[in-house]
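Numbering (the numbering used here), first residue to last: 12 to 148.
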């Protein structure tokens, strides 16, 4: 079972179904199963700038931030043992939160000649990989 909490202002027209399908695709590809929870927040640049400064100690806005609830080491070790990893006592795998700046997603969508919803889905996928301990250089 997959439980996704999507928090977004009505001024940011997102396709919730596309977000859920993107998350499910990532989980299926990485063979992550079980009772899973993840939170997605779609915010404006002011909020993203605050979060970026507070948690990354960097000025300005950014497209996506991920806040995993667990140490990536635990997930890596669990995957080596073919286990789900991070399962809380109630049996739920709580991955964490992904925060996406809608204005930055709009700008990047224009640059890539895709829709804003496609860019949001791309950022959700990127954020999910970070929640699961897969990082880029």
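The beta-carbon is built from N, C-alpha and C at its ideal position, and this holds for glycine as well.
In whole angstroms, give me the CA-to-CA distance for residue i and residue j.
i	j	result
residue 15	residue 49	5 angstroms
residue 68	residue 62	9 angstroms
residue 101	residue 79	18 angstroms
residue 139	residue 70	24 angstroms
residue 115	residue 42	30 angstroms
residue 53	residue 106	17 angstroms
residue 145	residue 108	15 angstroms
residue 93	residue 22	Below a pLDDT of 50, predicted positions are generally treated as unreliable, and residue 93, at 48, falls in that range; the measurement from the model is reported next regardless. Going from the Cα of residue 93 to the Cα of residue 22 covers about 42 angstroms.
residue 113	residue 36	22 angstroms
residue 25	residue 128	6 angstroms
residue 47	residue 12	6 angstroms
Buried or exposed: which applies to residue i, given that a residue is buried once 16 or more other Cβ atoms fall within 10 Å of its Cβ?
i	result
residue 44	exposed
residue 18	exposed
residue 20	exposed
residue 66	exposed
residue 34	buried
residue 130	buried
Could you please give me the residues that DSSP links to residue i through a beta bridge?
i	result
residue 105	48
residue 6	Within the shown structure, residues of the chain are numbered from 12 to 148, placing residue 6 beyond reach of any answer.
residue 76	110
residue 19	53
Kindly indicate the opening and closing residues of the alpha helix (DSSP H) around residue i.
i	result
residue 114	113-123
residue 135	127-142
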